[in-house]
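Trainee: Can you keep this structure in mind? I'll have questions shortly.
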Amino acid sequence: MRLTLASLLVGLVVAAPLVGCAKPTATPEQRAAAKQFMLTDEPSGAVGILDYRESITPVVSKEADGEATSPSTSIDTDNATAVATTEVAVATEPKSVVLLGKIGGGKLTWSRESAEFVISDPALDLEAHAACVDDGCPFCKDKSNAEAGRALVRLREASGNILNVDARKVLPVEEGQMVVVRGMASVNSVGQLVVDADGIYIRR
């Protein structure tokens, strides 16, 4: 069974897709299939990954016996219980989205077996926020969970299968590029934001 970058990102220690083997050469058919994803004009309405995650993260109230111990916990005086309001990540249905991200940002960026790669919210650049004083900064609001600022981009063929070639072999993409990705986004069962792209624009 072919391993995907998504499975590696959730902790499977499998080196074959990423190291140790020669990169497969892309076929003319794969190049033609990948070419359709490249956009000549930047899509409008792009949002950062952290902002998008915040917009789709539901707020769920959890009740537990005990006393309030933090500002995020309130007391239900009628029932004498502590009610904690917590933001939790749950799996979501695919939704149309346009995301701005920087290729890379995690320990693993590329799959050598499939057209999948990781992008990260530009706000995750620590150096850019060394002197940040903005209380509304999306990085500062979620700096405790950098994974929330990353997304897995996948390129699918017309058949629905992910292209079985390294994205770098068929697209002019590389680590550190700023890209705008258009497609259908969903959060999977382990909390990863996954985007099945139908268009990619590279900012120059």
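Mapping of the sequence shown onto mature numbering (1 follows the signal peptide of the UniProt record, and there is no 0): residues -22 to -1, 1 to 182, in sequence order.
Glycine included, C-beta positions come from ideal geometry on N, C-alpha and C.
(1) Which same chain residues end up closer than 6 Å to I180 when comparing Cβ atoms and leaving out the 5 residues on each side of it in sequence?
(2) Just how far apart, CA to CA, sit E41 and D99?
(3) For E135, I'd like the list of residues in its chain whose CB is within less than 8 Å of its CB, leaving aside the five on either flank, ordered along the chain.
(4) With three or more beta-carbon pairs closer than 8 Å as the criterion, would you say the stretch 73 to 80 touches the stretch 20 to 30?
(5) Does A4 come out as helix, strand or coil in the three-state DSSP assignment?
(6) So, V131 versus V159, is the Cβ gap smaller than 7 Å?
(7) Once the 5 residues before and after D174 are set aside, which same chain residues still bring their CB inside 6 Å of it?
(8) Count the other CB atoms within 10 Å of the CB of residue 228; is the residue buried (16 or more) or exposed (fewer)?
(9) Looking only at DSSP bridge pairs, what is F95 linked to?
(10) Which of the three DSSP states is assigned to S33 in this structure?
(11) Are the Cβ atoms of I81 and E153 separated by less than 7 Å?
(12) Could you have a look at residue 184 and say whether DSSP puts it in helix, strand or coil?
(13) Would you mind sorting S89 into buried or exposed? The rule is 16 or more other CB atoms within 10 Å of its CB.
(14) Taking DSSP as the reference, what is the three-state secondary structure of V168?
(15) Which stretch, first to last residue, makes up the alpha helix (DSSP H) that contains R182?
(16) Spatial neighbours of E71 within its chain, please: CB distance less than 8 Å, with the 5 preceding and 5 following residues excluded, ordered by chain position.
(17) Closest to A126 by CA distance: which of A93, G169, L17 is it?
(18) Should V148 and Q14 be called a contact, given that it needs their Cβ atoms to be closer than 7 Å?
(19) Pick helix, strand or coil for V148, following the three-state DSSP scheme.
Mentor: The short version:
(1) Q155, V157
(2) Confidence in E41 is poor, its pLDDT being 44 and thus under 50, which makes the residue's placement unreliable; the coordinate value appears in the next sentence. Going from the Cα of E41 to the Cα of D99 covers about 33 Å.
(3) A11, L141
(4) yes
(5) coil
(6) yes
(7) R132, R134, G161, M162
(8) Past the edges of the chain, shown from -22 to 182, lies residue 228, and the structure says nothing about it.
(9) W88, V131
(10) helix
(11) yes
(12) Look at the range of the chain in this structure, -22 to 182, and you will see that residue 184 is not part of it.
(13) buried
(14) coil
(15) Segment: none, R182 is in no alpha helix (DSSP H) and carries neither H nor E.
(16) S164
(17) G169
(18) no
(19) helix
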